[in-house]
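2 protein chains.
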Amino acid sequence: MANSEVITKAKRAKAAAIKMGTMSTNVKNAALDAIAKAIEKNSSDILAANKIDIEAGEKKDMSRALLDRLALDGKRIKGMIEGLAVVKKLPDPIGEIIAEWKLPNGLKIKKVRVPLGVIGIIYESRPNVTVDAASLCLKAGNCTILRGGSDAINSNKALAKIISEAAYETGIPEGAIELIEDTNRDAVKELLAQREYIDVVIPRGGKGLIQMVVTTSSIPAIETGEGNCHAYVEKSADLKMANDIVINAKCSRPSVCNAIETLLVDEAIAAKFLPEVLKQLKDKDVEIRGCKKTCKIFKEAKAATEKDWETEFLSLILAVKVVSGVDEAIEHINKYGTKHSETIITKDNKAAAKFKANIDSAAVYTNASTRFTDGFEFGFGAEIGISTQKLHARGPMGLPELTSYKYEIEGTGQVR
Amino acid sequence: MANSEVITKAKRAKAAAIKMGTMSTNVKNAALDAIAKAIEKNSSDILAANKIDIEAGEKKDMSRALLDRLALDGKRIKGMIEGLAVVKKLPDPIGEIIAEWKLPNGLKIKKVRVPLGVIGIIYESRPNVTVDAASLCLKAGNCTILRGGSDAINSNKALAKIISEAAYETGIPEGAIELIEDTNRDAVKELLAQREYIDVVIPRGGKGLIQMVVTTSSIPAIETGEGNCHAYVEKSADLKMANDIVINAKCSRPSVCNAIETLLVDEAIAAKFLPEVLKQLKDKDVEIRGCKKTCKIFKEAKAATEKDWETEFLSLILAVKVVSGVDEAIEHINKYGTKHSETIITKDNKAAAKFKANIDSAAVYTNASTRFTDGFEFGFGAEIGISTQKLHARGPMGLPELTSYKYEIEGTGQVR
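If you read the protein sequences in the order shown, they are chains A and B. Going by the numbering used here, the residue at position 121 of the first sequence is 121; the numbering climbs one at a time, nothing skipped. Plus 1000 on top of the position in the second sequence (first one is 1) and you've got the numbering used here.
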C-alpha cells in the first residue's frame, strides 16, 4: 500500500505544489499553448486510444448516452483546444492582494491569493474533463491528480501523457499533472484518504459519484452539480413570460444540472396557466407528473409520487405541483431541492423579495430561466463545476474558486 | 436511532436556519444583550453546575491544566459577558453585497453574503466555548449545535439553557441554539453524519479531537488550531531583534497554538546567536532539544529526535535546528509544520521574499513574533478559531468566515 500508484503520485504532486504556486503567468500561459499544440499534433493518437475505449464500451452494451459522452472526434478535440485558449486569456488570480491593512503596532498585513495546492478531480468517463480540469487547475497554480472513469482509461492515458509532457517541457514542475491509471474502485478510496498530500477534492459527475466522494473523503471536498431545480409561477406573473421561461428551463437542454425538474404554480392561476404550458411541454415530448390538482386540470398528467419531488430527472420529465402561495413554494423547494438554482416568475416585489431571502440555494432568480447558472453565462470565462454546498464556494466555480489565501505580515521587531 | 437526541436537535436546528438567516441586526443584538443579562442574573446557578463538574473532575484525578480550563469563577463569567458585548459591536456581515454586475442580456447578478446555516461545534471541556461559539454563530445568522466535552456537561447544560431561553425570548427562532447532552462518544459520530441537517462542523480543541472530526465527518469541516510554528533566524538578521522575537514567541504563552515550537538558525550565525538566546530560554525554564550542531554549541541541550520536529509541544520545550540557509528552512517548515504561522527574522529582502512565497502556511511573518496570529490581534474583533486548511478560510476566522453567499439574479424574462 505504501508504494501504491496513488500514494506515489500524490506525494509527487505535493512535492511539486510549492514550486507550482510560484510559476509566473507567462510560464503557465506558455504551458497552455504548448498543451493545445501537442493535442493538435497528436490528435490521431488520442482518437486511436478513444476508439479502443468506444469499442470496449460497445462490447459491454454501454448506453447510447454514455457512449456519446465517451466519444471523441475532430470537433471535440477542436473544442478542447479552444477551451485551452479561453483559459489562457483568463486573468491569473494568483498573487492578487485581496486586502491589506496596518495594525496600531505597525504590523502590515496583506491577504494574498495563493493556489489551493493539490486538487484531486474524481470524474466519470468524459475525456474532455481531463483537459478542462488540468488546464483550469494549472492556470490557478495548482497541481492536479486526475481520476477519471475506467471506461475512458485509454483516452485519459493518451491525453494525460500529452498534457503533462507538454507542460513539463515549458517549465511546469514534474508532478503537477498526475493521472491515476489504476481503474480499481479501491484506488479512489485510497485517493480520498490522502489528506496529507491532497488539499481538496472535487467530484464531477452524477449523484452517485458525488455522494460517494463527499461522504467518503477525509480530504476537504466540494459538492458539485446535482440540480433538482424549480420554477415557481406566482399568481401575479406575466403568464406569457412564465410560459417561455418554463419551456426554456425544462427543454433547452434537459440533461444538464441547471434545467428545472419541478414546476410549482399558484393555485389562483393554475387553471388558467397550466393547460397551455403543459400542452406545449407535452408536444415537446415532456412527460408530466402532477399533483392531484394538476392531474385534474391536465388529464394527460401521470400522478406524481413523493420520489418525483426529490428526483433530478435530467431528462424530459417534469413534476408539477399546485401550491397555495409563495410560502408553500419556499417550503417545498427547501425541502426537496438540492440548493442549486430556483426561479420565481412574478410581478409582485414582496413575493420576489420573500422568495430571494428564504430560498436556500446557490442561485435564486426572478423572472429568468434557471439555465443561466453557469460559469460562462455568469461571465467567469470558465468553470470547474457548480458548488451546491456552502463551504468555500457556492454556485459556478471559476478560477478564483480554485484558490485560497495566506496572510503575509511585515514587522520591524514587534512582539506581543 | 431515527429519534435520537442528535437527529431531533439537528432537524430542529435545520428547521430554524432559514428564519435565523433573515433575523435583523437589531434582533440579533438584542438577543446578545439578553444572553449577557441572563448569564449575569443566573451566575450562581452556572457556578453551582460548574462545581459539580469540577468535583467530578477532581475525583477522577483530572490534571491541573484540564481542571483550570474547566473551572468557572466570577472573573470568567465577567469575561463571557464582556465577550458578548464585543460580538454585539461587530458589524453584521449578513446581507452585504459582495459583488454585483450586469450581463449583456440584461440579467442583474448580485453576490450576497448569507449565513452558512447550521454549524456544529465540537469542543473539549471549556465551558466558555459554549458562550463564545453560540454568540458568534448567532451574530452571523447561523444556528448552532454545540457538543462540548463530557467533563463540562453540567456547566454546558446550565449555560445552554440560559443562552437559548434568553435568545428565544428576544425573537430568535427556537432550535437556533442546541446543546447535545448525550456525552457518549457515539453521539459525536452520529452528529458528524448529519450532512442533511448540518452545513459545517468546526472542531475546537487538541490535535486528537481535530483529527477525529476532520477525518470522520461526512459534513464539510474546518480544520483548526494545531500550530507547530517556526521562527527562522536568517544570517543577516538583527540578532537583538531575533532574540526578542524568539523569547516572545516561545515564552509569552507557551500553551497556545501561535507559540513557536521549533527555532531554525542559519549556520553562519549559529555560534554567535544561539548561546545567548538559549541561555535566556533556559533561564525561563525552557527545555532545549537541539540538532547535533546545536548540541555542540549549547551543551545543556538534549538531542532532538525526528518526533520533536513534528510535535506541537504547547509547553516550555523548544526544538532547535541549525540550517544551511533559507532553502533548508523552507523545506523543513513545509515538511514538519502544520500550516499555521511561521516567521523569518532577516534584513535581506530577497530571503524574506523567498520565505513568504514558498512557505505554505496561513500566516507568514517577517521580523515579528508568530504570537499575532489571532482574530483579535488581526483586528477582526473576535475569532471562532484559526483555520489550518486551505478550503473556505485560512488563518483567524471572524464573523465573515462564518458566512457563505448566494447569487440573486433579476431578469425581465430572459431565457437561454
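In this text, a Cβ means the ideal position worked out from N, Cα and C, and glycines have one as well. In this text, all values refer to a predicted model and were calculated from it rather than measured experimentally.
- Approximately 4 Å separates the beta-carbon atoms of valine 1415 of chain B and asparagine 248 of chain A; this is inside 8 Å, confirming the contact.
- For isoleucine 98 of chain A, the number of other beta carbons within 10 angstroms of its own is below 16, and it is reported as exposed.
- Out of B:Ala1133, B:Glu1040, B:Ala1065, B:Leu1278, the CA that lies nearest to the CA of asparagine 1142 of chain B is found in B:Ala1133.
- By the Cβ rule, the segment 383-393 of chain A counts as touching the segment 222-229 of chain A, because three or more pairs are nearer than 8 Å.
- Of all residues in the segment 1221-1235 of chain B, none has a C-beta nearer than 7 Å to a C-beta of chain A.
- Under DSSP, proline 104 of chain A shares a beta bridge with no residue.
- Only exposed fits alanine 1303 of chain B, as fewer than 16 other CB atoms lie within 10 angstroms of its CB.
- Within the model, the alpha-carbon separation for asparagine 1154 of chain B versus isoleucine 1052 of chain B is close to 7 Å.
- The C-alpha of lysine 390 of chain A lies about 37 Å from the C-alpha of asparagine 50 of chain A.
- Between leucine 1072 of chain B and leucine 1047 of chain B, the beta carbon gap of about 6 Å places them in contact (Cβ cut-off 8 Å).
- Within chain B, the C-beta atoms nearer than 7 Å to that of histidine 392 of chain A come from Leu1391, His1392, in chain order.
- Taking 8 Å as the Cβ-Cβ cut-off, the segment 1181-1197 of chain B approaches chain A at Arg1195, given in chain order.
- Take glycine 1171 of chain B, set aside five residues on each side of it, and the residues of its chain with a beta-carbon closer than 8 Å to its own are Met1023, Val1027, Ala1030, Ala1031, in chain order.
- Setting aside the 5 residues that flank it on each side, arginine 76 of chain A is surrounded in the same chain by Asn128, each with a C-beta closer than 7 Å to its C-beta; the list follows chain order.
- By the 16-neighbour rule on beta-carbons within 10 angstroms, lysine 1250 of chain B is buried.
- Judged by DSSP in its simplified three-state form, glycine 1375 of chain B adopts coil rather than helix or strand.
- DSSP places isoleucine 97 of chain A within a strand segment (E or B) once states are collapsed to three.
- In this structure glycine 398 of chain A does not touch threonine 373 of chain A by the C-beta definition: roughly 13 Å separates them, more than the 8 Å allowed.
- Listed along chain B are Gln1414, Val1415, Arg1416, each with a C-beta nearer than 7 Å to that of serine 369 of chain A.
- One finds nothing in chain A with a Cβ atom closer than 9 Å to the Cβ of glutamate 1306 of chain B; even the nearest lies about 16 Å away.
- Looking at B:Ile1119, B:Ala1140, B:Tyr1168, the one whose alpha-carbon comes closest to that of glutamate 1196 of chain B is B:Ile1119.
- The shortest C-alpha to C-alpha distance from glutamate 1165 of chain B to any of B:Lys1037, B:Ala1351, B:Leu1103 is the one to B:Lys1037.
- Chain order gives no chain A residues near phenylalanine 1376 of chain B, where near means a beta carbon separation below 8 Å; the closest approach is about 11 Å.
- Excluding the 5 residues flanking it on each side, lysine 207 of chain A has same chain C-beta neighbours closer than 6 Å at Glu226, in chain order.
- Glutamate 342 of chain A is outside the set of residues whose beta carbon lies under 8 Å from a beta carbon in chain B.
- Between tyrosine 405 of chain A and valine 112 of chain A, the C-beta gap is smaller than 8 Å, which places the two residues in contact.
- Chain B has no Cβ within less than 8 Å of the Cβ of asparagine 349 of chain A.
- Cβ contact annotation for valine 200 of chain A (same chain, cutoff 6 Å, sequence separation greater than five): Leu116, Ile119, Pro220, in chain order.
- For glutamine 414 of chain A, the three-state secondary structure derived from DSSP is strand.
- Apart from the 5 residues on each side of it in sequence, glycine 1325 of chain B sits with its Cβ closer than 7 Å to the Cβ of Asp1266 in its chain, given in chain order.
- Inclusion of lysine 235 of chain A and isoleucine 210 of chain A in the CB contact set at 8 Å is not warranted, their separation being larger than that value.
- About 16 Å separates the Cβ atoms of tyrosine 1407 of chain B and alanine 353 of chain A, ruling out a contact at the 8 Å cut-off.
- When secondary structure is reduced to three states using DSSP, valine 1129 of chain B falls in the helix class.
- Residue environment: proline 1091 of chain B is assigned as exposed (fewer than 16 neighbouring CB atoms within 10 Å of its CB, all protein chains considered).
- Per DSSP, reduced to three states, the secondary structure at serine 252 of chain A is coil, with no helix or strand assignment.
- Between glycine 149 of chain A and tyrosine 123 of chain A, the beta carbon gap of about 7 Å places them in contact (Cβ cut-off 8 Å).
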